[in-house]
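A.B. asks: Here it is, the structure in full.
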Amino acid sequence: MIGKQRWTKGRIGLLLVMWVVRTSVAQVYHFQHYDIFSGLGQSQVTDIEQDRLGYIWLSTRGGGLSRFDGKHFTTYRKEDNLPANNILSLEIDTKGTMYMGTPFGLSIYDGQRTRPVRTSDREPYTVSSVIGDTKGNVYAICNASQLGLLLGDSLQFLKKNSSDRPSFFSDMSVTPDGKLMVSTYSGEIFEVTPKGLFRRYNFSPALVLRSILFDNQGLLWLGTDEGVFTTNTKTPSVLTPISHDIVHEMTEASDGSIWMGLSMGALRYQQGNILRFNADNGFSNFMVRGLLEDREGNLWFTTDGDGVYKFTNPAFTSLNEQTGLHGNTISSLALSPEGRLWVSYFDGGLDVVDTKTSRPLPVPLPLQHKRVNCLSVDNEGNVWVGLAGPGVYKVQTDKVTYFALDEYISSQGVTLFMQAGKGKDVWISTSNGVLLYDGKSFQHFHSKEGLKGSFVRRTLLLQSGELLTAGPRGLNVVGNGKVSDFQYDKEIASFPALSMAQRHDGLLALGSFEDGVVVFDPKTKQKRFFTVKQGLCSNLIYNTSFDQKGRLWIGTERGIDLLTLDAQFRIASIRHFNETDGFTARETNANTAYVSPNGDFWIGTIKGIFHYRENPTRRLPATQKVHFTEVKSPFDTTNLVRFAKSKDTWYNVPNELSLPHARNQLKISFISINHSHPDLVRYQYQLEGEDEAWLGPTEQTSVVYSHLNPGKYRFKVRASLGDNRWGETAVYAFEIVPPFYQRSWFIALMISLLIASVGLAQQLYIQYRTRRVLAYEKLKQEAEAAIRVQLAQDFHDELGNRLAAIRMQSSVLKLRYESRETGNEEKRIVGEIEKNVVRLFRDTKDFIWAIDPESNLVKELVLYIKDFGENLLQDTTIRFHSNTTIPFELENVTLPPGWSIQVIMIFKEALTNCIKHAHCQNIYFCATLQGRNVSFSLEDDGCGIVFPTDGYHKGLNNMRQRAEKIHCSLVIAPRVPSGTSLTLTGTIPTKTASPKIR
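Note that our numbering has the sequence shown beginning at 43, numbered continuously upward.
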């Protein structure tokens, strides 16, 4: 079906006459501004340095020294031991020591105290500039006309060679090969060495040198009263003018650009192009006195009265009403192949800007004062303009064509979105379905053809050639002239997409009003949902776009997110853009995001258009390093340094801290410096011995631990920029010293005492039991002794008396028989009775003696055996010899009960055998006692005994058995030269022994 067409006739020349032209559209660059309201010590900033930890240090006129950590300022003044509040110049070495030039001279500051530097003549002097070379030497311009070398705590002034011009020094610069150069206002440049100043460049005295710079390309930059010039360092006779500005400071950035501080604003020179920064494009009109590129590539500018500015590159630049646009609330934008940016506004109007020259271009007359809803560029480079009504315009090079859409969407309908299709096709989303224009006619798809509702707010041309449509009720697919449901996934099919994008590998990204973003792979059917829980700024997604690197740009009502996905479509990293990056609008507008073929990202907001361009020379952010700033007790003001070996110079961090057990609460503060995105810094921490795993991520820069148990601890912390790339782990070790009763030596002592106590208790118990046993034994022995005494008395009194009477009576009877004539048999019987009575009486006497307790004494036993032997042998021809060796102190040694009778019986048997069988002349008895060892022996000089003796003599066996009963050893052996020896040995036991019997 052919639509209604209204042609605007005429050639481009006629159109140009009818178009309205403006003069210029400037981009606004984002500079972060810090002044006294931000915490800066004073707005007149004289110098800037960055230390080894990343802090930015700023010297001021009257405000002392300010340190910036990316978020907060800390200011040091005279009350903090600074030499003065008016600091003209600043230098920081690799150890963190500061060298400050003041109107009162040079001072060295280590964070705690100041050491003044004196000259040899001890005269007062002023230092206007301080700089260090690559070898660690520090130089200072003094009194404008002298250059001093710092040696210890004094300055040695260097002499000039080969110069008779006035030596008022203006600037110092280090060459790429590490040489330090100093310039004079009279046109000379000297190389600075510890031995003196040697002139290397000599320009006209009329060329007043204010600043110099040696870049990495071999050029020498000269800032003069006549402007900026460059010259080759090898052939410095030819000067090339760059600009007519008076430059006070110059520096070379890492991308090779040259930045200059002017009397009003700043200037950047890059590849022949000059860009000035002032109040018109986001900077300041104050004099720039200092420049610094930090380790992250940010540029810092110190001003004489307007504080300090930071420029982050890459960052967003912006176009808005302030820079020449007609409005700020962007409804749509489109970029033509020629670089023309078409912009429409919610409150009406249209702008065209040449992005190459930043100049405005005429708006076609038919489009002026129109209310535009959407813009698009087709495959032929034509611009399509969708109205907030039933119609669209096609803008070609030489004509503008209007297409009325009343019959498709009614007079109250509107166009919502437009997109180029295949070839000449253009898809137009409307409030009543979607239209396809093939270059000749329109084809209408609406709910009757199967669309989920008539309101189609977004379309996406898929790589398959099909069209994906999105409305409040879900998704449809239009292909081959038919409408079908989204068949890949039922959940995705009902997703109310507000924005859509497809990556080069087919991955889909759909944004919604309140459900965040879903990414879906039609090939694998894999999907993932991302919301604020996964780190997005918001769940209201206005824009989704993939760039050439496969990253997903997400525009929300609270900022912009840039997502990098891994192979499983999980978030590998996420970057939030906000004011720090120059994105000051926060809220984006629906369907206004566009990624150009060169990778630039454009997006419309409520505060104009923002443009992001990737800088190929931009330094990749290094992993974050963390350092500790304070360690203290959280609830009192006690200085913990008293419990440490030393303290950090700049920070209240005690080294090798050992706290008593009562101070078991600790607050540890730390920070990771980042000046590009300080708001993105996140921390994880862990206290080994207390935390089982890493805690966080968190924005907090301090942790409090309470009621720590005694022991050694290691507090670990690391940082990232919210992208899960964690940097180096910083460790702080400390110890909570246990009380004395928990220390190892005390525990060991207690264990030893316990063991000793147990041993002592056991010993005492054993002694107690032994005393009890001994007491019992003593009582027992005393009782036995008493019984034995009583028995001995009873036997002696009763049995002895009766035996004595019987003996007497038998003797009388014998006498009577002998006086009579009786038979021999009767006499023999009476004689036998008398013998037995005598023998019984003697044996009874031995038994009674053995019962007596005194028989247990060794000396009594020996004496008894001796007496027995002498009495036994007195009526024989055998002589009895005795030898006893018993020390005096051992005479009262007592034998165990039962020993005496056994020993007596053994030696009675032995003496009897000697008389009956030995046929000897002498018998020798010997007794010895050494300690507890006792020995009894009996020897004869008779015929000797025949060995072996086992079994042939019952008496010998009896003797062995008796020896075994008392646990003694009995040895019977031949005697040399003749006879037999018998030895009985044993140990008088405290307990029963078992001696070996041989």
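We treat Cβ as the ideally placed atom computed from N, Cα and C, and that holds for glycine. Fair warning: this is a prediction, and the values are worked out from it, not measured in the lab.
1) Are the beta-carbon atoms of Tyr654 and Phe670 separated by less than 8 Å?
2) Answer with buried or exposed for Arg813, where buried requires no fewer than 16 other C-beta atoms within 10 angstroms of its C-beta.
3) Below 7 Å CB to CB, which residues in the same chain sit around Leu18 once its five sequence neighbours on both sides are set aside?
4) Please state whether DSSP places Met306 in a helix, a strand or coil.
5) Kindly indicate the opening and closing residues of the alpha helix (DSSP H) around Tyr584.
6) Among the residues of its own chain, which have a CB less than 8 Å from the CB of Tyr755, if the five just before and after it don't count?
7) Looking only at C-alpha atoms, which of Thr139, Val159, Gln154 sits nearest to Leu148?
8) For the beta strand (DSSP E) containing Arg1051, list its first residue and its last residue.
9) Would you kindly report the start and end of the unbroken beta strand (DSSP E) that includes Glu730?
10) Please report the Cβ distance between Gly973 and Ser1020, rounded to the nearest whole angstrom; I am assuming they are in contact, meaning their Cβ atoms lie under 8 Å.
11) Ala357 by DSSP, collapsed to three states: which one?
12) Taking Leu750 as the reference, give the member of Ala686, Ser675, Lys687 with the closest Cα.
13) On the DSSP letters alone, give me the boundaries of the alpha helix (DSSP H) that Trp25 sits inside.
14) Between Gln666 and the rest of its own chain, which residues show a CB-CB distance below 7 Å, the 5 nearest in sequence each way excluded?
15) What's the gap between the Cα of Asn340 and the Cα of Thr354?
16) For the stretch 372–386 against the stretch 93–111, do three or more pairs of beta-carbon atoms, one drawn from each stretch, fall closer than 8 Å, so that the two count as touching?
17) State the start and end residues of the unbroken beta strand (DSSP E) segment that holds Asp297.
18) Between the beta-carbon of Pro1016 and the beta-carbon of Thr1022, is there less than 8 Å?
19) Within this structure, are the beta carbons of Thr88 and Gly332 separated by less than 8 Å?
20) Quick one: what does DSSP say Asp146 is sitting in, helix, strand or coil?
21) Report yes if the CB atom of Thr226 is closer than 8 Å to the CB atom of Arg252, and no otherwise.
22) Assuming the contact rule is C-beta atoms closer than 8 Å, Phe537 and Gly516 should be a hit. Round their C-beta distance to whole Å, please.
23) Distance check for Asp765 and Met142, CA to CA, integer angstroms please.
24) Residues in the same chain with beta-carbon distance under 6 Å from Phe611, minus the five sequence neighbours each way, listed in chain order, please.
25) Hey, quick one: how far does the beta strand (DSSP E) through Gly650 stretch, first residue to last?
26) Restricting to Cα atoms, I'd like to know which of Gln313, Ala308, Gln312, Asn1000 is closest to Ala321.
27) Can you tell me where the beta strand (DSSP E) with Asp89 in it begins and where it stops?
28) Here's the rule: buried if 16 or more other CB atoms are within 10 angstroms of the residue's CB, otherwise exposed. What is Ala182?
29) Roughly how many angstroms separate the alpha carbons of Asn415 and Glu294, rounded to a whole number?
30) Quick test of your reading: Ile965 and Gly911, contact by CB under 8 Å. State the CB separation rounded to the nearest angstrom.
31) Nearest CA to the CA of Thr359: which residue from Arg1002, Leu737, Tyr71, Ala704?
32) Under the three-state reduction of DSSP, which class applies to Thr1027: helix, strand or coil?
33) The beta strand (DSSP E) spanning Phe484 covers which residue range?
34) Classify Phe625 as helix, strand or coil using the three-state DSSP reduction.
35) To the nearest whole angstrom, what separates the beta carbons of Val945 and Phe922, a pair I think is in contact under 8 Å?
36) Among residues of its own chain, excluding the 5 on either side of Glu621, which ones have a beta-carbon nearer than 6 Å to its beta-carbon?
C.D. replies: Straight from the coordinates:
1) Indexing the sequence shown from 1 puts residue 654 at position 612. Indexing the sequence shown from 1 puts residue 670 at position 628. Cβ atoms of Tyr654 and Phe670: not closer than 8 Å.
2) Numbered from 1 along the sequence shown, position 771 holds the residue referred to as residue 813. It counts as exposed.
3) No answer is possible for residue 18: it lies beyond the span of the chain, which begins at 43 and ends at 1040.
4) Taking the sequence shown and counting its residues from 1, one reaches residue 306 at position 264. Under the three-state reduction of DSSP output, Met306 falls in the coil class, being neither helix nor strand.
5) On the sequence shown, residue 584 is found 542 positions in, with the first residue counted as 1. DSSP places Tyr584 in no alpha helix (DSSP H) but in the uninterrupted beta strand (DSSP E) bounded by 583–588.
6) Here residue 755 refers to the residue found at position 713 of the sequence shown. So the list reads Leu729, Glu730, Gly731, Glu732, Ala775, Phe776, Glu777, Ile778, once near-sequence residues are dropped.
7) To locate residue 148, count along the sequence shown from 1; it is residue 106. With distances taken between Cα atoms, Leu148 lies closest to Val159.
8) It is not possible to answer for residue 1051, since the shown part of the chain is limited to 43 through 1040.
9) The residue labelled residue 730 in the question sits at position 688 within the sequence shown. For Glu730, the enclosing beta strand (DSSP E) begins and ends at 724–730.
10) The residue given as residue 973 occupies position 931 in the sequence shown. The residue given as residue 1020 occupies position 978 in the sequence shown. That belief does not hold up - the Cβ atoms of Gly973 and Ser1020 are roughly 33 Å apart, past 8 Å.
11) Here residue 357 refers to the residue found at position 315 when the sequence shown is read from its first residue. The three-state secondary structure of Ala357, taken from DSSP, is coil.
12) Translated into the one-based positions of the sequence shown, residue 750 becomes position 708. The shortest C-alpha to C-alpha distance from Leu750 to any of Ala686, Ser675, Lys687 is the one to Ser675.
13) With the chain represented from 43 up to 1040, any question about residue 25 goes unanswered, as that position is not in the structure.
14) For the purposes of this step, residue 666 is taken as residue 624 along the sequence shown, with counting starting at 1. Ser714, Asn716, Val723, Ala761, Ser762, Leu763, Gly769, listed in sequence order.
15) The residue given as residue 340 occupies position 298 in the sequence shown. The residue given as residue 354 occupies position 312 in the sequence shown. In a straight line, the C-alpha of Asn340 is about 5 Å away from that of Thr354.
16) No, because fewer than three Cβ pairs between the stretch 372–386 and the stretch 93–111 fall closer than 8 Å, the two stretches do not touch.
17) Here residue 297 refers to the residue found at position 255 when the sequence shown is read from its first residue. From DSSP, Asp297 is part of no beta strand (DSSP E); its letter is neither H nor E.
18) As a working mapping, residue 1016 is identified with position 974 in the sequence shown. As a working mapping, residue 1022 is identified with position 980 in the sequence shown. Against a cut-off of 8 Å, the Cβ pair of Thr1022 and Pro1016 comes out as a contact.
19) Your numbering for residue 88 matches position 46 in the sequence shown. Your numbering for residue 332 matches position 290 in the sequence shown. Closer than 8 Å, so yes.
20) In the sequence shown, residue 146 corresponds to position 104, counting from 1. Here residue 146 is Phe; the residue named in the question, Asp, does not match the sequence. DSSP, read as helix, strand or coil, puts Phe146 in coil.
21) For the purposes of this step, residue 226 is taken as residue 184 along the sequence shown, with counting starting at 1. For the purposes of this step, residue 252 is taken as residue 210 along the sequence shown, with counting starting at 1. No, Cβ-Cβ distance for Thr226 and Arg252 is not below 8 Å.
22) Position 495 of the sequence shown, counted from the first residue, corresponds to residue 537. Position 474 of the sequence shown, counted from the first residue, corresponds to residue 516. Phe537 to Gly516, Cβ: 6 Å. Contact.
23) As a working note, residue 142 is residue 100 in the sequence shown. As a working note, residue 765 is residue 723 in the sequence shown. A straight-line Cα-Cα distance of about 39 Å links Met142 and Asp765.
24) Counting from one through the sequence shown, the residue named residue 611 turns up at place 569. Within the same chain, Phe611 has close Cβ partners Val561, Arg570.
25) Translated into the one-based positions of the sequence shown, residue 650 becomes position 608. It spans 650–654 - the beta strand (DSSP E) in which Gly650 sits, taken as one unbroken run.
26) The residue labelled residue 321 in the question sits at position 279 within the sequence shown. Residue Ala308 is the option with its Cα nearest to Ala321.
27) The residue you call residue 89 lines up with position 47 of the sequence shown. Its beta strand (DSSP E) spans residues 87–92.
28) Working through the sequence shown from its first residue, we reach residue 182 at position 140. Buried, since its Cβ has 16 or more Cβ neighbours within 10 Å.
29) One-based indexing of the sequence shown puts residue 415 at position 373. One-based indexing of the sequence shown puts residue 294 at position 252. Answer to the nearest angstrom: the Cα atoms are 46 Å apart.
30) Start at 1 with the first residue of the sequence shown, and residue 965 comes out as number 923. Start at 1 with the first residue of the sequence shown, and residue 911 comes out as number 869. About 7 Å separates the two Cβ atoms, so the contact holds.
31) For this step, residue 359 is matched to residue 317 along the sequence shown. When only C-alpha atoms are compared, the closest one is Tyr71.
32) For the purposes of this step, residue 1027 is identified with residue 985 of the sequence shown, where counting begins at 1. Shown here, Thr1027 sits in a strand according to DSSP, grouped into three states.
33) Against the sequence shown, residue 484 aligns to sequence position 442. Phe484 -> beta strand (DSSP E) spans 484–487.
34) For the purposes of this step, residue 625 is taken as residue 583 along the sequence shown, with counting starting at 1. Looking at Phe625 - three-state DSSP - the assignment turns out to be coil, as it is neither helix nor strand.
35) Working through the sequence shown from its first residue, we reach residue 945 at position 903. Working through the sequence shown from its first residue, we reach residue 922 at position 880. Not quite, the Cβ-Cβ distance comes to about 17 Å (not below 8 Å), so this is no contact.
36) Along the sequence shown, read from residue 1 onward, the residue named residue 621 stands at position 579. Nothing meets the Cβ criterion.
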